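Colleague: To convert a position in the sequence shown, counted from 1, into this note's numbering, add 902.
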Amino acid sequence: MKSCKLCNGEPLSSSIFCIYHEIAYNNLKSGYKIWTDRYDNLDWKNYLRKLLELSTTGKFVKQVIMEEKENHGNKE
């Protein structure tokens with residue numbers, strides 16, 4: 903049986919992530935649109951870096967960010 907790429911949870915049928923990491927990933931994507939409206943020239947890589955620096959960024963989001971940086975580090 904497959905498990906979530908980031909934990910031992912059961913992945914959603916259409917995802918590599920469990921429900922919690924999938925929600926975190928979707929929140930990252932939707933949050934990026936909001937941040938780019940407020941910060942000119944903010945690329946994906948710097949967005950992720952800024953979120954990692956915030957103490958209010960949640961555990962699941964940080965795990966997804968680390969996976970993104972590891973596997974898609976050059977994506978902007």
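Glycine included, every Cβ here is placed at the ideal spot set by N, Cα and C. For clarity, every value in this text was computed on a predicted model and none was experimentally measured.
#1: Count the other CB atoms within 10 Å of the CB of His974; is the residue buried (16 or more) or exposed (fewer)?
#2: How is the alpha helix (DSSP H) around Tyr941 delimited, first residue to last?
#3: What residues in its chain sit with their C-beta under 8 Å from that of Lys907, if we drop five residues either side in the sequence?
#4: Consult DSSP for Asn912 and reduce its assignment to one of helix, strand or coil.
#5: For Ile967, count neighbouring Cβ atoms within 10 angstroms of its own Cβ and tell me buried if that reaches 16, exposed if not.
#6: Within a Cβ cutoff of 7 Å, which residues of the same chain sit near Leu954, ignoring the five residues on either side of it in sequence?
Modeller: So, from the listed chains and residues:
#1: Per the 10 Å Cβ criterion, exposed.
#2: For Tyr941, there is no enclosing alpha helix (DSSP H), as DSSP marks it with neither H nor E.
#3: For Lys907, where only same-chain residues beyond five positions count, the Cβ hits under 8 Å are Pro913, Ile918, Phe919, His923 and Glu969.
#4: It is worth fixing the name first, because residue 912 is Glu in this sequence and not Asn. In the three-state reduction of the DSSP assignment, Glu912 falls in the coil class.
#5: buried
#6: Lys964 and Ile967
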